[in-house]
Each structure stands twice: as C-alpha cells, then as structure tokens.
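Written below as structure tokens is the structure these notes are about.
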C-alpha cells in the first residue's frame, strides 16, 4: 500500500474527517489487547516493532541483533507473521525452497541470517521455535500483538519521515497512539536523520539509539561508473534511490512500486525493455530481488544494506540484560 499524501500533513482535512475511524480502530485494538490471552514462553523474547505503518528498518535491525547473539553462541530464532505469503505456519522457512509468495519476502531475507519461522499465530510459532531448540526468540514486528509476552521491546522509527500527521490509521500512519506505543518500549531506535527532533521530544522515556542503513561497499564498487536503472517496492523507495546517489552511483532512471509489491511479468518486461533502451543495469534491493521470478534475477544486481549503529556497545549491553547468561562457542 502506498501512503496517502495527507498522512504527512497535520492540517489536512482528510485526516480530520477520518479521525472517527481512527478512534474506532484504537478502540478495537485496545479491546483486543485487553481480552487476548498472553502466552509466556520459557525463553527470552525480543520484539523489534514500530508504531508507524510502512518501512522503518525493522528487518535489518532484527538481522543485526540475531547475528550479534549468534556470535555469542546462542541458538537464535526469528518469528515473523510472513506478511505477503499464503502459508499460515508455524513453518520453519527454507530460503532455498520457499518463495516470497509462500512465506513473504522478509522471512526469506531473515532466514539467510538465522533460523526463521512464519506463523499467523504468534504463540504457536513461538512454541514451535522453542521446541526446535531456540534459546532466544526475536519477534520481527508484533508490538501491537498481545498474544505473546515480550521480555524486551525495541521501537524503530524512521527519523526522516517521523510520525506523519500523528493520527491513527486510517486518518494517519499510526498503528496506535504515540503514548500507548512508547509505554511498551525498552529502547527507541531512530533510523536516519532525526528531522523531527524526536530524541528531544522523547528524552527521558527510555534509552534512545541512532542507526543508519548503509550499503555494503563491495556492492557499490561493483556498480561504479555504470548507468543504473534502480527500482524498488519497499516502504520508502526514495530512501533507497537517495542512498545510491549519495554513494556516487550513476542512476539515470528510477521506478518506485508499492511496499511488498508482487512483480508481474508485464512489470518485468517493461523494466527490462526500458533498461535495454537506456543501456542501463537494473538494480534493486535485496528484499525486492527475492520477489522476482528466478529467470529475471540473472539480469538484476542487488545492493545489500546493513545497520550502522552509533552507540553499538551500549546497545549490546542493554540487549544482553535480557539474556540469562553469557554463552560462547
């Protein structure tokens, strides 16, 4: 879904007119939280979530945490809803067998880092991961889902986009009110430039960290001095395009698709024809690449990205407070 423009404008008439529906949405979610039975499993659950619809950088942060804990010798599993996939789970994702149409694009990416499960039922998925030997479970999204107890919750915010008009869906981009969301947070992670002074506004609520999404230099170097036709179907494709420009790549054309877009043959034919006309190399994100048909992938290059954390040591110390003991291989 593409975010409507009025979600960014606090004074928009559309936001005002849709506010009653936002109030109804808040009522439904609050009643769900009140009456849903919460399951607590015997291993720590770290939730990486957000309060805004759309891309904020949750997936790379989840990968960063999982990788760090794996280096400590822990058997880390990730649990995802599998948005965009048709399978309900609980299911252990095999990145070499499953497709984005079956399990969603994000689980395929997460499964390259560590054991990843999809499950529409969070509690059942958590139990399956525990039975399979997980020592720590990272919940990718799920901050607003009360069915699973979280030992530690990280709220990720896109610093450049901020909170939009700060109204609850459908009047705005919020999944819940800012106040109710922040009450659940143990850590706030601001990704990118803090254009809306969120750190100043939230100072004292909980520890605030800062991260950037940076490309792997090898991927950049491989495309230097080549004409590039970039395309992306992620939460904020403009950030991907800006990153390519900032790293000096010669981007001559861009094409944005909706988040989690399921590429069709006609889309790919148009992309390929336009790239051939421009004599340009097609380039996309790692998540988009996983949604492409296999016969198209050989014609497309990817730019992988990772989180650069400014307060890495302090962040690691806070995460390890959730872990029962140090463990080395």
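In the numbering used here, the protein residues as written are 12 to 340. Here a beta-carbon is modelled for each residue, glycine too, at the ideal position from N, C-alpha and C.
By DSSP, does residue 262 sit in helix, in strand, or in coil? strand
Residue 232 - containing alpha helix (DSSP H), residue span: 228 to 232
For the beta strand (DSSP E) containing residue 4, list its first residue and its last residue. Only positions 12 to 340 of the chain appear in the structure, and residue 4 is not among them; the question remains open.
In the DSSP assignment, what are the bridge partners of residue 316? 226
Could you tell me which of 279, 274, 237 sits nearest to residue 262, measuring between CA atoms? 237
From what residue to what residue does the beta strand (DSSP E) around residue 169 run? 163 to 169
In whole angstroms, what separates the C-alpha of residue 133 from that of residue 284? 43 Å
Considering only residues of the same chain and omitting the five flanking positions on each side of residue 193, which have a CB-CB separation below 6 Å? 216
Who are the near neighbours of residue 299 in its chain, counting only those whose CB is closer than 6 Å to its CB and skipping five residues on each side? 243, 244
Endpoints, alpha helix (DSSP H) assigned at residue 293: From DSSP, residue 293 is part of no alpha helix (DSSP H) but of the beta strand (DSSP E) over 292 to 296.
Since residue 138 and residue 150 are thought to touch, with beta carbons under 8 Å apart, how far apart are those beta carbons, to the nearest angstrom? With a Cβ gap of about 13 Å, residue 138 and residue 150 do not count as contacting.
Helix, strand or coil, according to DSSP, for residue 242 in the structure here? strand
Can you name the start and end residues of the beta strand (DSSP E) that residue 90 belongs to? 87 to 91
Nearest to residue 85 (by Cα), restricted to the options 55, 320, 221, 93: 55
Buried or exposed: where does residue 35 fall if 16 or more other Cβ atoms within 10 Å of its Cβ makes it buried? exposed
Counting Cβ pairs, one atom from each stretch, are 3 or more of them under 8 Å apart for the segment 194 to 201 and the segment 159 to 177? yes
In whole angstroms, what separates the C-alpha of residue 40 from that of residue 18? 20 Å
Could you name the residues of the same chain whose beta carbon sits closer than 7 Å to that of residue 173, not counting the 5 residues immediately before and after it, in chain order? 206, 207, 209
Across the segment 306 to 322 and the segment 71 to 87, are there enough close Cβ pairs to call them in contact, namely three or more that are closer than 8 Å? yes
3 or more residues per run - each beta strand (DSSP E) lying fully within the segment 24 to 82: 56 to 60
Would you grab the beta carbon distance between residue 327 and residue 79 for me? Rounded to a whole angstrom, and I think it's under 8 Å. 6 Å
Going by beta-carbon coordinates alone, are residue 292 and residue 312 separated by less than 9 Å? yes
Between residue 91 and residue 117, which are expected to be in contact by the criterion C-beta below 8 Å, what is the C-beta distance as a whole number of angstroms? 6 Å
Go to residue 125, then tell me how far its alpha helix (DSSP H) extends in each direction, as first and last residue. Per DSSP, residue 125 belongs to no alpha helix (DSSP H) and is neither H nor E.
Ignore the nearest five residues each way along the sequence and tell me which others in residue 93's own chain have a CB closer than 6 Å to its CB. 114, 115, 118, 129
Going by DSSP in three states, residue 330 sits in which element: helix, strand or coil? helix
Within the continuous alpha helix (DSSP H) that includes residue 158, where are the two ends? Per DSSP, residue 158 belongs to no alpha helix (DSSP H) and is neither H nor E.
Which of helix, strand or coil DSSP assigns to residue 182: coil
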